[in-house]
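S.K.: In the working numbering, the protein residues as written are 169 to 476.
Idealized CB from N, CA, C, for every residue including glycine.
This one's a predicted model, so the numbers in the text were calculated from it and none came from an experiment.
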Ligand SMILES: *[C@@H]1O[C@H](CO)[C@@H](O)[C@H](O)[C@H]1NC(C)=O
Ligand SMILES: *[C@@H]1O[C@H](CO)[C@@H](O)[C@H](O)[C@H]1NC(C)=O
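In structure tokens:
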């Protein structure tokens with residue numbers, strides 16, 4: 169456990185992100201999460217050391233003599249554990265970033281050892297969002313965006329493995345936008361991480377290829393409909409110019425009137441007025457002589473008209 173170099177990430181409920189840093193090697197790089205906690209291991213144990221000092225950017229922040237804390241400028245949110253040589257800092261702020269020096273002294277007051285470390289405080293990545301869109305040639309462009317985090321790094325997998333050149337057409341500089349070739353499908357995962365956190369978002373993608381195809385079929389269909397309508401219109405025009413088609417035209421006029429009178433009947437809910445108009449329309453446009461076929465309906469209309 170103590171030999172582990174690097175970071176252990178733990179996600180606490182109330183203290184935010186907790187990170188561990190092994191500062192026993194000189195020049196270590198440590199990362200802490202904004203608002204979180206960092207455990208910096210300075211030594212295996214400081215119990216036997218007569219005096220220790222921890223400096224941040226050349227200012228002493230912690231001074232311990234014979235296991236007694238003489239001064240600690242961030243006492244309210246930090247703690248030294250002499251048994252495992254760990255210095256814990258809570259509620260990290262960006263001001264905590266900087267160069268730290270850890271100096272040990274022997275009993276005669278001479279510095280016996282000094283090591284340095286750099287602490288970087290980063291805002292954790294909170295969430296990721298995937299947006300995919302089909303391009304005209306059936307490629308798919310997928311963008312991954314994250315909220316908050318400092319220096320986010322993006323990586324992608326498809327069905328649990330890295331994308332191959334056969335699947336990947338292009339990747340942008342930040343690698344948060346990728347373009348997949350045609351006919352690529354599966355479970356696509358975007359992972360966003362920085363040194364203190366990581367989140368991922370997955371989406372099941374299916375091939376874009378059929379969409380442009382449907383588009384093509386639809387445009388062809390629209391084209392043929394337009395051409396067809398144009399041809400029919402042209403033919404109609406020709407027919408209208410011929411005077412011999414008189415009878416057909418008459419029938420059309422009558423038919424059109426029937427539609428109009430139905431709509432009126434519905435709209436006015438068959439008031440006497442509407443019915444009277446219906447009668448009027450029939451008389452006007454049907455070429456049939458009025459007296460030939462008097463059906464029951466016609467008689468009723470006639471009565472209504474009289475009442476008005
Ligand atoms: C150091 O000891 C303290 C107190 O026993 C414990 O809470 C902490 O987790 C330890 N840290 C490490 C890095 O072992
Ligand atoms: C953490 O620090 C911020 C300022 O850096 C402060 O406003 C906040 O109250 C602190 N929270 C706790 C729990 O100490």
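1. Any residue with its C-beta under 5 angstroms from a non-hydrogen atom of ligand 2 counts. Can you list them all in chain order?
2. Could you tell me which residues DSSP pairs with residue 308 in its beta bridges?
3. Can you tell which of 265, 232, 217 and 249 has its C-alpha closest to the C-alpha of residue 280?
4. Do residue 188 and ligand 1 come close, with the Cβ less than 8 angstroms from some heavy atom?
5. Can you look up residue 235 in the DSSP assignment and give me helix, strand or coil?
6. Looking only at C-alpha atoms, which of 263, 262 and 271 sits nearest to residue 253?
7. Does DSSP classify residue 389 as helix, strand or coil?
8. Take the Cβ of residue 186 as the centre, count every other Cβ of all protein chains shown within 10 Å, and call the residue buried at 16 or more, exposed below.
9. Check whether the Cβ atoms of residue 222 and residue 268 lie closer than 9 angstroms to each other.
10. Within a Cβ cutoff of 6 angstroms, which residues of the same chain sit near residue 357, ignoring the five residues on either side of it in sequence?
11. Taking the beta strand (DSSP E) that residue 373 falls in, what are its first and last residues?
12. Tell me whether residue 251, by its Cβ, gets closer than 8 angstroms to a heavy atom of ligand 1.
13. Tell me whether the beta-carbon of residue 225 lies closer than 9 angstroms to the beta-carbon of residue 290.
14. Quick check: the stretch 225-240 against the stretch 274-288, are at least 3 beta-carbon pairs closer than 8 angstroms?
15. Let me confirm a value: residue 201 is counted as buried when at least 16 other C-beta atoms fall within 10 Å, else exposed. Which label applies?
16. Between residue 284 and ligand 1, is the CB less than 8 angstroms from at least one heavy atom?
17. Please confirm whether residue 188 and residue 207 have their CB atoms less than 9 angstroms apart.
18. Is the closest heavy atom of ligand 1 to the C-beta of residue 205 under 8 angstroms?
19. Would you report the Cα separation of residue 372 and residue 312, rounded to the nearest angstrom?
20. DSSP state of residue 293, grouped into three classes?
M.R.: Quick look at the numbers:
1. 259 and 261
2. DSSP lists 302 and 348 as partners of residue 308.
3. 217
4. yes
5. Coil.
6. 271
7. helix
8. buried
9. yes
10. So the list reads 325, 368 and 370, once near-sequence residues are dropped.
11. 366-373
12. yes
13. no
14. The stretch 274-288 vs the stretch 225-240: no contact.
15. Its Cβ being crowded by 16 or more others within 10 Å, residue 201 is buried.
16. Checking the Cβ of residue 284 against ligand 1 gives no.
17. yes
18. no
19. 14 angstroms
20. coil
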